[in-house]
Every structure is written in C-alpha cells, then in structure tokens.
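What follows is a short report on a single structure.
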Amino acid sequence: MKKVILATALAMFAAGAVQAGPPAPKTQGIESKDYKWNAQEGEKIEALKLKGDRKRGEEAYEVCGACHLPSGAGRPDGTFPQLAGQHTTVLIKQMADIRAGLRDNPTMYPFAATLTDPQELADVAAYIEQLCIPPEHGKYEGKDADKQLATGKDLYEKECKECHGANGEGVKDKFYPVIAGQHYKYLL
Ligand code: HEC
Ligand code: HEC
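If you count the sequence shown from 1, position 68 lands on 68 in the numbering used here, and the numbers rise without skipping.
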C-alpha cells in the first residue's frame with residue numbers, strides 16, 4: 001500500500017498531472033499593514049493548540065516521503081529539504097504558509113493541500129519532529145573546505161547564532177528553524 005501511494009505521488013508529480021492550483025503568492029512583503037511574517041491567526045494557531053498524534057502523523061506522512069524521503073532526510077542535491085528533527089512549531093507554520101500561499105511552493109502545494117485540517121497538521125508535525133536528523137547530509141565540496149568552514153563559523157557566530165542557536169538548533173517557541181544538518185545546497 002505504502003509503495004503504491006509513493007509511486008502514485010511521484011508519477012503524478014513527474015507527469016505534471018497535479019492540477020490543483022496554489023493560491024496566488026502574497027506580494028505585500030514580510031511586514032506590512034496587512035501582513036506580519038508570523039501573524040498569530042488562521043489554521044496555524046488552531047494546529048499549534050492541538051496535541052499531535054504520531055501514529056496518525058506517520059500515515060499522513062506517507063505521501064510526503066516521496067519527496068522528503070521516508071526518513072525525512074531530504075536530498076543532498078538541495079531539491080527537497082531535510083525535515084527530520086524540525087520543531088513542530090516551524091513545521092506547522094511552514095505547512096500553513098504554503099497552504100495559504102504565504103510561502104510560494106507550487107511543487108509541494110498539491111500535497112500540502114491534501115492535509116485535511118489543523119489536527120492533521122499537528123499529527124504530521126509531531127511525527128516529523130521525532131525523526132532523527134541523519135548524520136549524512138549534503139556538504140560543501142568545493143576547494144579550501146577547511147578555510148570556508150572557519151570563515152563560515154565566524155560569520156555564523158556573528159550573524160545567525162543569536163536566533164538559530166550555537167548548534168543550529170533554532171528556538172521552538174519563536175518559530176526559529178533548526179538548520180543543523182540541512183543540506184548545503186538547500187541552504188544556498
Ligand atoms: C512533490 C514533492 C513534495 C512533496 C510530496 C512534499 N513536499 Fe514538502 N517541500 C517540497 C519542496 C520542493 C520544498 C522546498 C521548497 C523551497 O525551496 O522553498 C518543501 C518544503 C517543505 C517544508 C519546509 C521545510 C523548510 O525547511 O522550510 C515542510 C515543512 C514540508 N515541505 C513538509 C511536507 C509535508 C508534511 C509533506 C506531506 C504532506 C510534504 N512536504 C510533501 C516538496 C515536496
Ligand atoms: C533575528 C533572528 C534570525 C537571524 C539573526 C537569522 N535568522 Fe534565519 N530564520 C529566522 C526565522 C524566524 C526563520 C523562519 C522564517 C519563516 O518562518 O518564514 C529563518 C529561516 C532561515 C532559513 C530557512 C530554514 C528552512 O528550513 O527553510 C535558513 C536557511 C536560515 N534562516 C539561515 C540563517 C542564516 C545562515 C543566518 C545568518 C546569516 C540567519 N538565518 C539569521 C530567524 C533568524
């Protein structure tokens with residue numbers, strides 16, 4: 001059954017057969033009179049209040065695994081991000097944003113749209129959060145990797161650590177994503 005669902009999702013994706021159109025992307029910019037980057041409203045707020053059920057979330061995740069892989073590892077070529085270990089708050093926000101057209105993601109939209117209600121958002125987020133971040137991920141493979149890493153570490157500590165944490169662990173209740181272990185090409 002699982003294989004059939006995955007194969008169907010991929011076949012639909014490959015054939016461009018998924019016709020459900022995503023909502024037109026919002027164009028106001030991240031902070032405007034009409035839109036705040038993380039306004040506490042809509043199905044996101046409903047989902048955040050609910051307790052996710054991992055068992056039901058595992059079933060809901062089957063279709064997602066076709067792109068993000070069953071392990072939640074994503075792909076080293078950067079096409080599909082790692083999801084494993086991400087905070088439930090971030091997962092719920094991103095899914096709700098994609099469903100509402102606040103984050104433009106036409107590839108995933110038809111699949112995000114199949115999640116039925118805030119409870120299912122909470123369930124699938126609870127399942128994904130407890131998946132282990134895989135140790136093997138897409139890394140920088142250019143020249144001077146050591147030098148790049150040292151420069152990158154300095155920059156990270158100056159510009160990013162304040163929000164994403166000393167180890168890229170993010171901050172759950174502020175919706176700051178885990179970025180540790182994310183594929184280099186997706187980060188780019
Ligand atoms: C057809 C492929 C595909 C399927 C199926 C799919 N996604 Fe995605 N997803 C993507 C792509 C591509 C992105 C990244 C888009 C971008 O670069 O902004 C993404 C991004 C995400 C993000 C944001 C991750 C981040 O790091 O910001 C979340 C959360 C997510 N997907 C969850 C899911 C869930 C849950 C499902 C199942 C209901 C699912 N996806 C199904 C392709 C897919
Ligand atoms: C003031 C806090 C803050 C700082 C500083 C910050 N970020 Fe972020 N970052 C965020 C928030 C909040 C989000 C999620 C935005 C959203 O939900 O739309 C985010 C999202 C991201 C994402 C997307 C994650 C994903 O899974 O899709 C990446 C990658 C990222 N930040 C990297 C960085 C890097 C690298 C730096 C330093 C150059 C940095 N951030 C500095 C708050 C911050």
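Glycine residues also receive a C-beta, built at the ideal position from the N, C-alpha and C atoms.
Report task. Please list, in chain order, all residues of the same chain as K44 whose beta carbon is under 7 Å from its beta carbon, the five residues on each side excluded. Result -> I92, K93 and A96
Query - Span of the alpha helix (DSSP H) around K49 - result: E43 to K49
Requested in this report: Measure the beta-carbon distance from G85 to L48 and round it to whole angstroms, keeping in mind my assumption that it falls under 8 Å.
Outcome: The pair is not a contact, with the Cβ atoms about 18 Å apart (cut-off 8 Å).
Query raised in the report: Between T88 and D77, what straight-line distance do the alpha-carbon atoms span, to the nearest angstrom?
Result: 25 Å
Requested in this report: Mind listing, in chain order, the continuous beta strand (DSSP E) runs of no fewer than 3 residues lying wholly within the region 72 to 146?
Outcome: none
Query raised in the report: If you draw a straight line from the C-alpha of G52 to the C-alpha of C67, how long is it?
Result: 22 Å
Query - Secondary structure of Y35, DSSP reduced to three states - result: coil
Query - Nearest residue (CA-CA) to Y140, options P134, I133 and Q148 - result: Q148
Query - Member of V90, E157, G168 and G181 whose CA lies at the smallest distance from the CA of P135 - result: G181
**Report entry** Contact test: C163 Cβ vs ligand 2 heavy atom, cutoff 7 Å
**Finding:** yes
Query raised in the report: Straight-line CA distance for V90 to L50?
Result: 15 Å
**Report entry** Alpha-carbon to alpha-carbon, D144 and V171
**Finding:** 31 Å
**Report entry** Own chain, CB closer than 7 Å to F175, minus 5 neighbours either side, in chain order
**Finding:** N38, T89, V90 and K93
Query raised in the report: Any chance the region 56 to 71 sits against the region 119 to 130, with 3 or more Cβ pairs inside 8 Å?
Result: yes
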